[in-house]
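**Student:** Have a look at this one before I ask anything.
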Amino acid sequence: MAPARDRLASFMEWRGWSQTETAKALGVHQTTLSKILLRQRGAGLDVAAGLERVTAQRREDGAVWPDGPIRAAEWAHPPTVA
Numbered sequence: 036m037a038p039a040r041d042r043l044a045s046f047m048e049w050r051g052w053s054q055t056e057t058a059k060a061l062g063v064h065q066t067t068l069s070k071i072l073l074r075q076r077g078a079g080l081d082v083a084a085g086l087e088r089v090t091a092q093r094r095e096d097g098a099v100w101p102d103g104p105i106r107a108a109e110w111a112h113p114p115t116v117a
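Here the sequence shown stands for residues 36 to 117, where the numbers follow this note's numbering.
Below, the structure is given as structure tokens:
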């Protein structure tokens, strides 16, 4: 499975959301999301929980993201690469 940050970028593309739109859905500032995507900071528990909630939601057309949701635990315990 891809790292959570990569999955988040994939989710944003699938949803058609910019960083600003994604940050708004999460209730965080766009700068926070940008730093997470750039690997300059971790997600933190509140943001990770929000990401799990947002990536589990259906799109307006009823579609469910096929790779989701991104579980909060993925941010705390990223998968190891062999």
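Glycine included, every Cβ here is placed at the ideal spot set by N, Cα and C.
Every value quoted in this text rests on a predicted model; they were computed, and no experiment measured them.
So what's VAL82 in DSSP terms, helix, strand or just coil?
**Tutor:** Three-state DSSP puts VAL82 in a helix.
**Student:** Buried or exposed for GLY85, please, with buried defined as at least 16 other CB atoms from any protein chain shown within 10 angstroms of its CB.
**Tutor:** That one is buried.
**Student:** Quick one: give me the first and last residue of the alpha helix (DSSP H) that GLN54 is part of.
**Tutor:** Residues 54-61.
**Student:** Would you check if the distance between the CB atom of LEU72 and the CB atom of ALA44 is smaller than 8 angstroms?
**Tutor:** Result yes, Cβ atoms of LEU72 and ALA44 sit closer than 8 angstroms.
**Student:** Give me the residue from MET36, ARG42, ARG50 with the minimum Cα distance to ASP96.
**Tutor:** Residue ARG50 is the option with its Cα nearest to ASP96.
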